[in-house]
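Residue numbers (this note's numbering), protein chains in the order written: chain E, 649 to 763; chain Z, -5 to 110.
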């Protein structure tokens, strides 16, 4: 692994199903983030974690949950998927939020379609 | 509300030509401004990062400028190549005074197409 890895790269999911998007980084970055990117709306922050053991809500957190049990992993869970959660999801990490470097490195994205 | 506005929304130029993308922001207190390049189907990749005291920064054929007084930035691409076709996203970081952490505000991006 080099950088940030997201899995799966794409997924078609039935509405009402539970889904976890995985994100792993090997750079020992303290801060990690989940964004969704929708046409015409740009990137919007869902949840973030400034350090292992802590999480916070971003701009569009409803319907999503996260956990940060260790430095490397930051999974995003959709408890009961709805079609409006169809989007491309990006995980990101940065070395130090205190230096304003939040979101410096992005994963390759997960394309999720909820039908 | 913090906002980052980019223009134009899309742009088509001929290979070899130069172009300039614009970014205006209202984020305060300002921490830094970044330009990202996002290829289709890929995650954004950082091109430049500028703090308040920096007014220009280059990365190869990419040169970013920052005017913190007018809250404007530009990204100039010289001698464009087909591989420059991508979305260019301006991102401004706001410093949270109490925690020291920062919040990012994203522009919607400029879609650049370099035509042969």
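Just so you know, even glycine gets a beta-carbon here, dropped at the ideal spot from N, CA and C.
Residue i, DSSP secondary structure in three states
i, result
"residue 658/E", "strand"
"residue 22/Z", "coil"
"residue 136/Z", "Any answer about residue 136/Z is impossible in this case: the structure gives chain Z only from -5 up to 110."
"residue 728/E", "coil"
"residue 3/Z", "coil"
"residue -3/Z", "coil"
"residue 756/E", "coil"
"residue 702/E", "coil"
"residue 687/E", "coil"
"residue 670/E", "strand"
"residue 708/E", "coil"
Beta carbon proximity, residue i to chain Z, threshold 8 Å
i, result
"residue 724/E", "no"
"residue 756/E", "yes"
"residue 661/E", "no"
"residue 711/E", "no"
"residue 669/E", "no"
"residue 701/E", "no"
"residue 691/E", "yes"
"residue 664/E", "no"
Contacts around residue i, its chain only, beta-carbon distance under 7 Å, and the 5 residues preceding and following it disregarded
i, result
"residue 71/Z", "12, 13, 55, 56, 78"
"residue 53/Z", "41, 42"
"residue 76/Z", "9, 108, 110"
"residue 702/E", "716"
"residue 656/E", "758"
N- and C-terminal bounds of the beta strand (DSSP E) containing residue i
i, result
"residue 721/E", "Unbroken run through residue 721/E: none, as it is neither H nor E."
"residue 675/E", "Element bounds for residue 675/E: n/a, residue is neither H nor E."
"residue 691/E", "690 to 697"
"residue 104/Z", "104 to 109"
"residue 740/E", "735 to 742"
"residue 763/E", "Note, residue 763/E: premise wrong, no beta strand (DSSP E); not H, not E."
Sequence-distant residues of the same chain with beta carbon closer than 6 Å to residue i, five excluded per side
i, result
"residue 721/E", "672"
"residue 761/E", "660, 734"
"residue 669/E", "724, 737, 758"
"residue 752/E", "742"
"residue 51/Z", "42, 44, 58"
Minimum Cβ-Cβ distance from residue i to chain E less than 8 Å
i, result
"residue 38/Z", "yes"
"residue 46/Z", "no"
"residue 10/Z", "no"
"residue 54/Z", "no"
"residue 124/Z", "Limits of chain Z in this structure are -5 at one end and 110 at the other, which puts residue 124/Z out of reach."
"residue 65/Z", "no"
"residue -5/Z", "no"
"residue 102/Z", "yes"
Beta-carbon neighbours of residue i, restricted to chain B and to distances below 9 Å
i, result
"residue 752/E", "Looking at the structure shown, chain B is missing, and the protein chains on hand are E and Z."
Residues near residue i in its chain [Cβ-Cβ closer than 8 Å; skip 5 each side]
i, result
"residue 688/E", "none"
"residue -4/Z", "19, 20, 21, 22, 86, 88, 97, 99"
> What runs of the beta strand (DSSP E), each 3 residues or longer, lie entirely inside the stretch 44 to 95 of chain Z?
Replying inline: 50 to 53, 56 to 61, 66 to 71, 80 to 89
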